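>
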Amino acid sequence: MSRLVAVTGATGFIGQHLLKLLASRGHRLRLLVRSLPSSLPVCDPPIELQPGDLRDRAALERLVEGADAVVHLAGAIKALTEADFHAVNVDAVAALAGATARHAQLDAHFLLMSSLAARESALSAYAATKRAGEDALSALGPKQRRTVVRAPAVYGPGDRETLVFFKAAARGWSMVPAGTDGRVALIHVQDLCAAVAGIIDRPPPDDIYEIDDGTEGGHTLRSMAAVAAEIMGRKVRIAKLPHRALGSYAALQQITARMRGQPAIVSAGKVRELLHPDWSVHDRRLAAWLRLGPAIELRAGFAETVGWYRAQRWL
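Our numbering numbers the first residue of the sequence shown as -5 and each following residue consecutively.
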């Protein structure tokens, strides 16, 4: 069944992959955009563009007007201050949920893309605001459905966030915190988008769900680096980083960020997230509901991603 799906964050890494999939399934799409995208899937009817951003309440109302489903992908993964995180990861969710309650279909379905970090909200401002953003869905109407997907690290063609990991592996290096061998969940972007499309077509009971590539116990940074390096014909060497050195580096990054007025890539909160021992998935109800096993296992997904990076001369 074709539905009108309103999407935020559609021009980002995950969003670009999701648009192609939803368009291929015949859904009508309406996107919140700050500027005209360089390319969009060819659809019939054409994709609607709603100019504006997450602070523009009128634009949010126009975005969700009459929508059958709302997919909120937009979010902040780095920010100068906790207030900046809160504005995007909490206030914008509440505003969009409120707009959905007033202007979308009475039985509209709201899908919030959250993060596994929300499971450990005390670790960082990012984690705390992702958790608070989940709570902000209380602004939805009483008959409106809601699904929260706590995504793990997402990789695949087009991703800039994991590029630094692949660049290190290409040089034969993997940097890991000393004395830890934490578990990390991963998912290929196409598998994540397949899950989102499945949720739109067949919403699960209202709740918070986790998702990954199906690997029990997750992966380690060492095992991931070994696979990536092998794909690129390298042997990986492990550089163990002392926790104190990581903390000092994060502090320096934050000082520099304030001076430049730009968010730090590495913050004290991000270091605490990195040192957390268990980012594996504990809940597989969503995979069981969707009857979707991951289509792309780690080695094949890494090989595809490396090939794409090389073709684009990013690697």
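Where is the CB? At the ideal position from N, CA and C, for every residue including glycine. Nothing here was measured: the structure is a model prediction, and the numbers come from that model.
(1) Touching or not, the segment 227 to 243 and the segment 162 to 171, by the rule of three or more beta carbon pairs under 8 Å?
(2) Are the CB atoms of ALA77 and VAL(-1) within a distance shorter than 8 Å?
(3) What residue ranges within the segment 174 to 261 form continuous alpha helix (DSSP H) runs of no fewer than 4 residues, ordered along the chain?
(4) Going by DSSP, what residue range makes up the alpha helix (DSSP H) through ARG56?
(5) Can you give the beta carbon distance from LEU90 to VAL64, rounded, assuming they're within the 8 Å contact cut?
(6) Quick check on the burial criterion: 16 or more other C-beta atoms within 10 angstroms. Buried or exposed for GLN10?
(7) Which one or two residues does DSSP pair with PHE104 in a beta bridge?
(8) So is GLN138 buried or exposed if we call it buried at 16+ other beta carbons inside 10 Å?
(9) Of all the options SER242, MET253, ALA164, ALA281, which has the alpha carbon lying nearest to the alpha carbon of LYS264?
(10) What whole-angstrom Cβ distance do PHE296 and VAL221 have, given they're in contact under 8 Å?
(11) One question on the structure: do ASP206 and ILE225 come within less than 8 Å of each other, judged by their Cβ atoms?
(12) Throw me the rounded Cβ distance for the THR141 and PHE79 pair, which I believe falls under 8 Å.
(13) Taking only the alpha-carbon atoms, compute the straight-line gap between ALA262 and HIS270 and give it to the nearest angstrom.
(14) GLN44 lies in the beta strand (DSSP E); which residues open and close that run?
(15) Using 10 angstroms around the beta-carbon of GLU155, count the other beta-carbons present and answer buried if the total reaches 16, otherwise exposed.
(16) Could you give the first and the last residue of the continuous beta strand (DSSP E) run that contains ARG24?
(17) Compute the distance between the beta-carbons of ARG273 and GLY208, then report whether it is under 8 Å.
(18) Hey, LEU13 and PRO45 are a contact pair by Cβ (cut 8 Å); roughly how many whole angstroms apart?
(19) Compute the Euclidean distance between the alpha carbons of GLY3 and ALA164, then round it to the nearest angstrom.
(20) What whole-angstrom Cβ distance do GLY150 and GLN184 have, given they're in contact under 8 Å?
(21) Apart from the five residues just before and just after ASP153, which ones in its own chain have a Cβ nearer than 6 Å to its Cβ?
(22) In the DSSP assignment, find the beta strand (DSSP E) that holds THR2 and state where it starts and stops.
Taking the structure as given:
(1) By the Cβ criterion, the segment 227 to 243 is in contact with the segment 162 to 171, since at least three pairs of Cβ atoms, one from each stretch, lie closer than 8 Å.
(2) Stepping through the sequence shown from its first residue, residue -1 is reached at position 5. Stepping through the sequence shown from its first residue, residue 77 is reached at position 83. No, the Cβ-Cβ distance between VAL(-1) and ALA77 is not below 8 Å.
(3) Taking only runs of at least 4 residues, the alpha helix (DSSP H) segments lying wholly in the segment 174 to 261 are 183 to 195, 215 to 225, 237 to 254.
(4) On the sequence shown, position 62 is the one that residue 56 refers to. Boundaries of the alpha helix (DSSP H) harbouring ARG56: 51 to 58, taken from the DSSP string.
(5) As a first step, residue 90 must be located in the sequence shown, where it is residue number 96. As a first step, residue 64 must be located in the sequence shown, where it is residue number 70. The C-beta distance from LEU90 to VAL64 rounds to 7 Å, short enough to fall under 8 Å.
(6) If you number the sequence shown from 1, residue 10 lands on position 16. Buried is the call here.
(7) Position 110 of the sequence shown, counted from the start, is the residue given in the question as residue 104. The partner list for PHE104 (beta bridge, DSSP) reads VAL64, ARG140.
(8) The residue given as residue 138 occupies position 144 in the sequence shown. By the neighbour-count criterion, in which a residue is buried when 16 or more other Cβ atoms sit within 10 angstroms of its Cβ, GLN138 is buried.
(9) Working through the sequence shown from its first residue, we reach residue 264 at position 270. Looking at the Cα atoms, SER242 is the closest of the given residues.
(10) To locate residue 296, count along the sequence shown from 1; it is residue 302. To locate residue 221, count along the sequence shown from 1; it is residue 227. At roughly 6 Å, the Cβ-Cβ gap stays under 8 Å, so PHE296 and VAL221 are in contact.
(11) Reading the sequence shown from its first residue, position 212 is the one you call residue 206. Reading the sequence shown from its first residue, position 231 is the one you call residue 225. Pairing ASP206 with ILE225 gives a Cβ-Cβ distance that is not under 8 Å.
(12) Start at 1 with the first residue of the sequence shown, and residue 141 comes out as number 147. Start at 1 with the first residue of the sequence shown, and residue 79 comes out as number 85. Not a contact, Cβ separation roughly 23 Å.
(13) Residue 262 sits at position 268 when you count from the first residue of the sequence shown. Residue 270 sits at position 276 when you count from the first residue of the sequence shown. Between ALA262 and HIS270, the C-alpha separation is close to 13 Å.
(14) Position 50 of the sequence shown, counted from the start, is the residue given in the question as residue 44. 42 to 45 is the extent of the beta strand (DSSP E) around GLN44.
(15) Within the sequence shown, numbered from 1, the residue matching residue 155 stands at position 161. Per the 10 Å Cβ criterion, exposed.
(16) The count along the sequence shown starts at 1 and reaches residue 24 at position 30. Start and end: 22 to 27.
(17) By 1-based counting over the sequence shown, the position of residue 273 is 279. By 1-based counting over the sequence shown, the position of residue 208 is 214. A small correction: the amino acid at residue 273 is Trp; Arg does not occupy that position in the sequence shown. Contact flag unset, no.
(18) What you label residue 13 is simply residue 19 of the sequence shown in a count that begins at 1. What you label residue 45 is simply residue 51 of the sequence shown in a count that begins at 1. At roughly 17 Å, the Cβ-Cβ gap does not stay under 8 Å, so LEU13 and PRO45 are not in contact.
(19) If you number the sequence shown from 1, residue 3 lands on position 9. If you number the sequence shown from 1, residue 164 lands on position 170. For GLY3 and ALA164, the distance between alpha carbons rounds to 30 Å.
(20) By one-based count along the sequence shown, residue 150 stands at place 156. By one-based count along the sequence shown, residue 184 stands at place 190. Indeed they touch by this definition, with Cβ atoms about 6 Å apart.
(21) On the sequence shown, position 159 is the one that residue 153 refers to. Here ASP153 has PHE7 as same chain residues with Cβ atoms under 6 Å from its own Cβ, once five neighbours each way along the sequence are excluded.
(22) If you number the sequence shown from 1, residue 2 lands on position 8. -2 to 2 is the span of the beta strand (DSSP E), which, as asked, contains THR2.
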